[in-house]
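Residue numbers (this note's numbering): 1 to 251.
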């Protein structure tokens, strides 16, 4: 079905695409609870995204099912998955629970092997990387058009003196909120910023390349409370309907 992640990754492989996988356990992406299941909250004392034993037990069980299915799909095993992201923008959570990150790191290596390339993503801010980066996980940054690109990559370099410069989430548009106009980001601004990132010799991942739809109750909300609608068009190069846009041709 549509939730068959193995089939989806194999289809990407058939189409000649490489895959960067973000298995979480927290993924954000404006999903409800960042993809974490609501039943976790049945235990009132649980502390999400932390080294709380109850939370870690649930994470261990979930990734213990998912990650072994991903191992045959790793690039080094003949599959398309070139790297995996651990957590998502954990530095923005400001808990600095390094035991949690170390637990995830060990869990990923246990199920995938020691040769898997793992990385983290955080906003291009020293405080974010201070809490979100961990030795052994390659630290990348994310930012959108209008950011000071040189300064952003200088911040990444403080965590990663060597290795590729990476913007793992370059925002091609922005999300919508209930009661507000559809968010748009001008094509020329996005194209100019992307050009400058590439001029730095950096790697870049477009977020989003294609808009989508959060059916049922998958759409999440921001704090202070701002609910997202079902549409996740994002003003992306390919629209929610899959149409080619002016931005697509410009990029």
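Note that the Cβ used here is the ideal one computed from N, Cα and C, for glycine as well.
In summary, residue 176 is buried, with 16 or more beta-carbon neighbours lying within 10 Å of its beta-carbon over all protein chains present. With a cut-off of 8 Å on Cβ pairs, the region 209–218 is in contact with the region 226–235, counting three or more such pairs. Cβ contact annotation for residue 184 (same chain, cutoff 6 Å, sequence separation greater than five): 235, in chain order. Check the Cα spacing between residue 63 and each of 219, 30, 24: the tightest is with 24. Judged by DSSP secondary structure, residue 30 falls outside any alpha helix (DSSP H); it is assigned neither H nor E. Residue 133 is positioned such that its CB atom lies no closer than 7 Å to that of residue 141.
In the structure shown, the three-state DSSP call for residue 172 is coil. Here the alpha carbon of residue 104 sits roughly 23 Å from the alpha carbon of residue 3. Note on geometry: alpha-carbon atoms of residue 98 and residue 188 lie some 40 Å from one another. In the same chain as residue 164, and ignoring 5 residues on each side of it, the C-beta atoms closer than 6 Å to its own belong to 203, in chain order.
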